[in-house]
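At position 145 of the sequence shown the residue is numbered 218 (our numbering), and the sequence of numbers has no breaks. For glycine and all other residues, C-beta sits at the position ideal for the given N, C-alpha and C. Small disclaimer: the values here were computed from a predicted structure and weren't measured. Everything on this sheet refers to the single structure shown next.
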Amino acid sequence: PVGATALAAALAVCTVSAGAAATEALTAPSCPAFDPRRERFDQSTFGGRFSKMILACDPALLLTSNDAARVAKELVDDWEGQLAAGPPGTSRRLYEAQRAASAALHPDTGEAIPRPFRMSGYVPYNGPICVAMVASTSTPALLFWSWVNQTQNALVNYYNRNASSEMTNETFAKSYAAAVGSALAVAFGLATAIQRRYDPARAKSLMRFVAFPSAVVASSLNCYIVRSPEIDSGVPLVNDRGADVLPGETSRVAAERGVNSTTLSRAMLQAPVYFLPPALMGAVPAIRNAVSASPGLRVPVTTYLLLVCFGIGLPASVAVFPQMGEIRVDEAEEKYGGAIDERTGKGYEVLFYNKGL
């Protein structure tokens, strides 16, 4: 039922967006005074990081045009003037402007990120692809949707990388080929093994279970391979005010930590997407009875549950690790041992780096 499935997908996207709106409204009373160098939510806790990411992944942000995002950025750049002249609630308005700008514009380059590859576009663009992967019961279909999925993932990883590390088109093309090639090899290998071991009817029913392990391995490889050039070039280390402590210098140790943590979060994302929907369909009586009474509802209900679980699982998996990672100076390269904090006249103990998304 194409129409019912499309309606279910649209309803799921609206549900995820409503969840983000509710989070913003419920946390409004505790909104701190705006400061672009500080976060609205406490990033030392999972709850604070989850609140930040569920707002960042809000599909409604896709409705913000690039011009509107740039206007929002200008508003944020003039934050001191806005706070001085603004009425009560200006801090909340500035945080919302910052959210709109950061959703559309890359924090390192200021360039607009194409909508399908923004974090706010993950659910409406990548979610239906995951539905198609789960529904695939033949090797060609699984390979096709795996290719589409990993192509989209590769571009999301590319556009949300730490762009302070240069990546040429040639390097990206090689990384993309390796990432997608690895993904298809995993999917093809698992599908072939099942078809050789089981009879056609049994193999067809088991094909739906290939999507999860292939997605875990493929997404992890995809993220690591596409972003691995960052490890070679390194990323800048900044102090607690966001200032580069050694301009022109980078840390490969910090870059490796950032890439590894992002890769792990991509693997973790697959669990709620592939496990929660069937678990809910079997455990919630209302859903189970409705699907049993009307088998035609199975695909639309699965689509709705998968996209909603995706919308919750994405910010949850990203929130496992702080956006700004910490690294002790004695764990970084030796050159950072000589960096002096101008405020104290002493060396730094802890520095920070942007791990990317």
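Cβ-based burial, residue i [other Cβ within 10 Å; buried from 16]
i	result
ARG270	exposed
ASN242	exposed
LYS419	exposed
LYS408	exposed
LEU136	exposed
ASN362	exposed
PRO373	buried
LEU215	buried
PHE123	buried
ARG234	buried
GLY384	buried
ASP272	exposed
PRO345	buried
ASP131	buried
SER138	exposed
THR336	buried
GLU184	exposed
SER219	buried
SER248	buried
GLU153	exposed
SER90	buried
9 Å Cβ cutoff met for residue i and residue j
i	j	result
CYS104	ARG188	no
SER334	LYS428	yes
VAL86	PRO197	yes
THR375	VAL144	no
TYR426	LEU263	no
VAL402	GLU415	no
GLU404	VAL308	no
ALA288	SER255	no
SER278	THR224	no
PHE83	ILE127	Reading off the sequence, residue 83 comes out as Ala, not Phe. Against a cut-off of 9 Å, the Cβ pair of ILE127 and ALA83 comes out as no contact.
GLY386	LEU349	yes
THR96	VAL381	no
SER293	ALA340	yes
TYR347	VAL229	no
ALA77	GLY369	yes
Proximal residues to residue i (C-beta, below 8 Å), its chain only, five neighbours per side dropped
i	result
LEU156	ALA106, PHE107, THR163, SER164 and LEU167
ALA129	ARG172, SER175, ALA176, MET192, SER193 and PRO388
SER338	SER390, VAL391, VAL393 and PHE394
GLN116	ARG122, LYS125, PRO395, GLN396 and MET397
PHE119	ALA392 and VAL393
ILE400	LEU310, SER324, VAL326, ALA327, ARG330, VAL423, LEU424, PHE425 and TYR426
Opposing strand residues paired with residue i [DSSP bridges]
i	result
MET479	Any property of residue 479 remains undetermined from this structure, which presents the chain solely from 74 to 430.
ALA185	LEU178
GLY420	ILE413
ASP151	Its beta-bridge partners do not exist; DSSP assigns none.
VAL391	DSSP lists no partner for VAL391.
SER324	VAL308
ASP115	Note: ASP115 sits in no beta bridge, so no partner.
ASP317	VAL311
Other residues of its chain near residue i: CB distance less than 6 Å, five sequence neighbours each side excluded
i	result
VAL221	ILE202
GLN268	ALA276
ARG371	VAL364
GLY315	ARG110
GLU406	SER324
Residues near residue i in its chain [Cβ-Cβ closer than 7 Å; skip 5 each side]
i	result
VAL332	TYR297, ARG300, SER301, GLU303 and ILE304
ALA101	ARG165
GLY355	ARG361
LYS146	ALA174 and LEU178
ALA251	ILE298
Nearest-angstrom Cβ-Cβ length linking residue i and residue j, presumed shorter than 8 Å
i	j	result
LEU353	LEU378	6 Å
LEU148	ALA170	5 Å
ALA274	VAL253	No, ALA274 and VAL253 are not in contact; Cβ-Cβ is about 31 Å, not under 8 Å.
LEU99	ALA142	Rounded, the Cβ-Cβ distance is 25 Å, inconsistent with contact.
TYR231	PHE245	6 Å
LEU319	ALA260	No, LEU319 and ALA260 are not in contact; Cβ-Cβ is about 43 Å, not under 8 Å.
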